[in-house]
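All residue numbers for the sequence shown refer to the UniProt record's numbering, where the first residue is 1 and numbers rise by one.
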Amino acid sequence: MDKNLNFDEIKKRRTFAIISHPDAGKTTLTEKFLLYGGAIKLAGSVKGRKTAKYAVSDWMEIEKERGISVSSSVMQFNFDGYCINILDTPGHQDFSEDTYRTLMAADSAVMVIDGGKGVEAQTIKLFKVCVMRKIPIFTFINKFDREAKDPFELLDDIESVLGIRTCPINWPVGCGKRFKGVYDRRKKHMLLFKAAQAGMKEVETNELSLDAIQTVIEKDFYDKLIEDMELLDGASDELDMDKVSAGELSPVFFGSALTNFGVETFLKYFLNMTTSPIGRNANGRIIDPMKDSFFSAFVFKIQANMNKAHRDRIAFIRICSGKYIPGMEVYHFQGNKKIRINQSTQMMADERKIVEEAYAGDIIGVFDSGIFSIGDTLCADGEKIQFEGIPTFAPGYFARVRQIDTMKRKQFTKGVYQIAQEGAIQIFQEFNTGMEEIIVGVVGELQFEVLTYRLKSEYNVEVKLDRLPYEHIRWIENPLEVDIDKIQGTSDMKKIKDLKDRPLLIFINPWSIRMVEERNPKLRLSEFGRD
Ligand code: GDP
């Protein structure tokens, strides 16, 4: 136990992930948050990985740079008495299992939606993971300075596509060229829209009471607002914070990240409504960061250093209780060993710095000589706890992989195993045969190219990839209760097993999954694999 632990440090922490479909405005919003936190003087300096289509080799260079810092993965800043950790969820084509895993380290999520487009495909996938974790989800509907969909339609969209209730905290008046501002339903005042100097500086706010705005905005906008408020007051959900905490109700905000409009209001409400770091399950009990003062953490991401001369890696850990100081000795549960953790760097907006101390809620990158796997627990010596494992997420792309030069079998297997250990790919085998054939599953297609590139450059092995038509995977949750050989399958189903010999089914068509469930009533299938 650490008797000197300052719980106030933990209480003021907020750790969240920002999720969005590419181009919805995640980078822009993050930038504006940092601006308010004073972490950067002028917005525009966050090096967002943009939408440009990178060649794989370019992407690798970026990864190499990233490999030595926590830079684009976590940003910490202070605002309004809070210490905020924003976790970046990579989007675009480098979308991979890491994106999902990052959500395992967050205590809440901010979902950015493009007001002109509504809910998009990528948001759905990420959102499912938030739902599984039952973490609070806050919605920022962006780009109201442009033509946007009707706000009621946007709420309907979130509710029907994502299956979560919504509660608008503020409400837009007009959009695009005729965007007047947002009305705060709780404070009952309107924030008049005024774009900051090209969205660069903090915007001046101009708040008006409902009466006062009558004189400022045109009558048709005013009447529409009154009508909308009546509709909302009658029909929308009340702000029930228990439901928000359970991830059943999402508080919704409207604004425009680019012009910095509505961002500060959102940030303030959000910080106020979210909680300090939440507890995590270990050995059947919750490790509570506000009560348990010993250090504990789990590994949620491993970043390889792609430099052949330096095979070291960075393990990203989420601290769950207590305090970290450099060089501290901890117990690594999975390795059953005491180790010293060190060499962590953290990003404060633009500059990398050595972390002097970190608390529950914080994410740090620790030096890993190759001993960690995703989901591993680190804790103060003497505690010997084990956090619940991180689920394996369903890959949607599969390929058969083999080395071209059969003499290089050893390097091939080693490379594939190591890359799988980092969590970039998942490996499977045919159900009834040995290791001759390796089937690789990935969450994002780009990972196939990454695999081929890395095997060649780091392990000197050329491989051939044959894509398989399967797109859906299900873990069998009760393999001991069913006879795997006798499963009544469909013609597009294939049985495979993972490295722990656990049986899985892969399918070409989604409807076959239901059919197999109907034909085999005893079979229990799951979209996530658990250790
Ligand atoms: P990300 O892919 O989700 O990180 O999206 P970005 O933040 O990179 O934004 C994508 C594009 O949308 C960029 O060109 C931004 O300038 C633009 N954008 C972001 N927010 C807004 C907004 O509120 N209004 C308008 N008009 N454009 C925006």
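We treat Cβ as the ideally placed atom computed from N, Cα and C, and that holds for glycine.
Could you tell me if the beta carbon of N342 falls within a distance shorter than 7 Å of some heavy atom in the ligand GDP?
no
Taking Cβ to Cβ, would you say T392 is nearer than 8 Å to F528?
yes
If you reduce the DSSP assignment to three classes, tell me which class K50 lands in.
The pLDDT assigned to K50 is 42, lower than 50, so where the model puts this residue is not dependable; a value taken from the coordinates is nonetheless given after this. Three-state result, K50: coil.
Is the beta carbon of Q386 less than 8 Å from the beta carbon of A282?
yes
DSSP state of C320, grouped into three classes?
strand
Write down the C-beta distance between I341 and L378 rounded to the nearest angstrom, noting that I regard them as a contact closer than 8 Å.
7 Å
Can you have a look at G382 and say buried or exposed, based on whether 16 or more other CB atoms are within 10 angstroms of its CB?
exposed
Reduced DSSP secondary structure (H/G/I, E/B, other) of N336
coil
In the structure shown, what three-state DSSP assignment does F33 receive?
helix
Cβ shell of L232 (< 8 Å), same chain only, five flanking positions each side left out:
P168, W171 and R185
Please work out which residues of its chain come closer than 8 Å, Cβ to Cβ, to K414, disregarding the five sequence neighbours upstream and downstream, and give them in chain order.
Y459
Option in D485, E471 and Q303 with minimal Cα separation from V421:
The sequence given here places Gln at residue 421; Val does not occur at that position. Nearest of D485, E471 and Q303 to Q421, Cα basis: Q303.
Check whether the Cβ atoms of D492 and F428 lie closer than 8 Å to each other.
no
Just the Cα atoms here: how many angstroms apart are F77 and L267?
13 Å
Straight-line CA distance for D483 to K384?
37 Å
Beta-carbon contacts of A257 that lie in its chain and below 7 Å, excluding the five residues immediately before and after:
G25, T28, L29, K32, N142 and V263
State yes or no: is the C-beta of E462 within less than 8 Å of the C-beta of Q403?
yes
What residue from D288, I113, Y331 and R524 has the CA that sits closest to F7's CA?
D288
Distance between N85 and S69 (C-alpha atoms, nearest Å):
Per-residue confidence for S69 stands at a pLDDT of 34, beneath the threshold of 50, marking its modelled position as unreliable; the derived number appears in the next sentence. Spanning the two alpha carbons is a distance of roughly 16 Å.
Residues in its own chain within less than 8 Å of G116 by CB, not counting five upstream and five downstream?
K143, R146, E147, A148 and K149
Please check the pair L208 and M229, which I expect to be a contact at CB under 8 Å, by giving their CB distance rounded to whole angstroms.
Not confirmed; about 15 Å, so no contact.
Return yes when at least one heavy atom of the ligand GDP lies under 7 Å from the C-beta of G81, else no.
no
Assuming A109 contacts C130 (C-beta within less than 8 Å), just tell me the rounded distance between them.
5 Å
Would you call M241 buried or exposed, if buried means 16 or more other Cβ atoms sit within 10 Å of its Cβ?
exposed
How many angstroms separate the CA atom of V182 from the CA atom of K323?
41 Å
Looking at the secondary structure, which residues open and close the alpha helix (DSSP H) in which A105 lies?
E97 to A105
Do A394 and residue 536 count as a contact pair if the criterion is CB distance below 8 Å?
Because the chain here runs from 1 to 531, residue 536 falls outside it and cannot be looked at.
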